[in-house]
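Sequential numbering from 481 applies to the sequence shown in my numbering.
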Amino acid sequence: MSRPAETGPGPVTADDLDLAVQLTVAALRETPPEAWERTAGSLEWDCWETVEHLIDDLFSYAVRLGPRTPPLDGRVPFARERRRPGGPANSVHVDRTADPAGLLQALEASGALLVAMVRTTPPQTRAYHVYGVSDPEGFAAMGIVESLVHTHDLAEGLGLTWDPPADLCSRALARLFPDAPQTTDPWPTLLWATGRAELPGHPRRTTWRWNGIPHSERTAP
Numbered sequence: 481m482s483r484p485a486e487t488g489p490g491p492v493t494a495d496d497l498d499l500a501v502q503l504t505v506a507a508l509r510e511t512p513p514e515a516w517e518r519t520a521g522s523l524e525w526d527c528w529e530t531v532e533h534l535i536d537d538l539f540s541y542a543v544r545l546g547p548r549t550p551p552l553d554g555r556v557p558f559a560r561e562r563r564r565p566g567g568p569a570n571s572v573h574v575d576r577t578a579d580p581a582g583l584l585q586a587l588e589a590s591g592a593l594l595v596a597m598v599r600t601t602p603p604q605t606r607a608y609h610v611y612g613v614s615d616p617e618g619f620a621a622m623g624i625v626e627s628l629v630h631t632h633d634l635a636e637g638l639g640l641t642w643d644p645p646a647d648l649c650s651r652a653l654a655r656l657f658p659d660a661p662q663t664t665d666p667w668p669t670l671l672w673a674t675g676r677a678e679l680p681g682h683p684r685r686t687t688w689r690w691n692g693i694p695h696s697e698r699t700a701p
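Shown next, in the form of structure tokens:
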């Protein structure tokens, strides 16, 4: 008996996450050193701080999957601090005297750490996130969303063009934003889902959150 054809964009994978990080690094690689102090889009952080925040996100998601029994009620307790009032609260900071190539090297390193954890962590593993206890696929999707939307913020601040692959956006949307419209283009929809844009018939969100809980474990509304 033949199996029914699969529908939907498919699962998020470690390869998807690796692609998202590498696309981000490639997009930022030619940024002149003096541009990193510009404000990143609608954020309150400069472009250097925004990349540091992304680095910290990827690191944070990776280490949550690291313990043999990950905590389900809070983060792994790495200390966090702000380097200035209003700056991002990070566990990971990059030496500001390093050149931008060093900043992007740190981004690649944190991305590779999360990619490795997603590849090697059993799929039944669960770990804490404030938006829902999640699995390795969920943390991969979170890393993709962080990479894509923060590169959008950076592109606005740096005057870059940024248009990530539609299929990558589709898989991240399907995993984390089940309430998002399904008939609109995936990249504008992801920007709408994260409060960064309007969609026809859908006003810009003033608050938003994803749902990291695996689909099979969500409570029906």
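Built from N, CA and C at the ideal position, the CB exists for glycine as well.
Hey, would you say Leu523 sits closer than 8 Å to Asp633, going by beta carbons?
yes
Could you tell me the alpha carbon to alpha carbon distance between Phe657 and Gly490, rounded to whole angstroms?
14 Å
Which one of Thr511, Trp525, Ile624 has the shortest CA to CA distance from Arg655?
Ile624
So the alpha helix (DSSP H) Leu594 belongs to, where does it begin and stop?
580-600
Classify Leu552 as buried or exposed, calling it buried when 16 or more other Cβ atoms lie within 10 Å of its own Cβ.
exposed
Taking Thr669 as part of the alpha helix (DSSP H), name the residues at either end of that continuous run.
666-673
Bridge-paired residues (DSSP) for Thr519
Asp526
First through last residue of the alpha helix (DSSP H) which encompasses Ile624:
616-638
Contacting residues, own chain, Cβ-Cβ under 7 Å from Pro661 (five flanking each side not counted):
Thr669, Leu679, His682
Start and end residues, alpha helix (DSSP H) containing Val501
494-508
Of the residues Gly612, Glu517, Arg563, Leu594, which one's Cα is nearest the Cα of Gly554?
Gly612
For Gly566, I'd like the list of residues in its chain whose CB is within less than 7 Å of its CB, leaving aside the five on either flank, ordered along the chain.
Glu524
Near Asp647, which residues of its chain fall below 7 Å by C-beta distance, leaving aside the five closest residues on each side in sequence?
Pro489
DSSP on Glu678, reduced to helix/strand/coil?
coil
Using C-beta distances below 8 Å, list every residue in its chain close to Ala677, excluding the 5 sequence neighbours before and after it, in chain order.
Pro668, Leu671, Arg684
In its own chain, which residues sit with a C-beta less than 6 Å from the C-beta of Ala542, not counting the 5 before and 5 after it?
Leu593, Leu594, Met597
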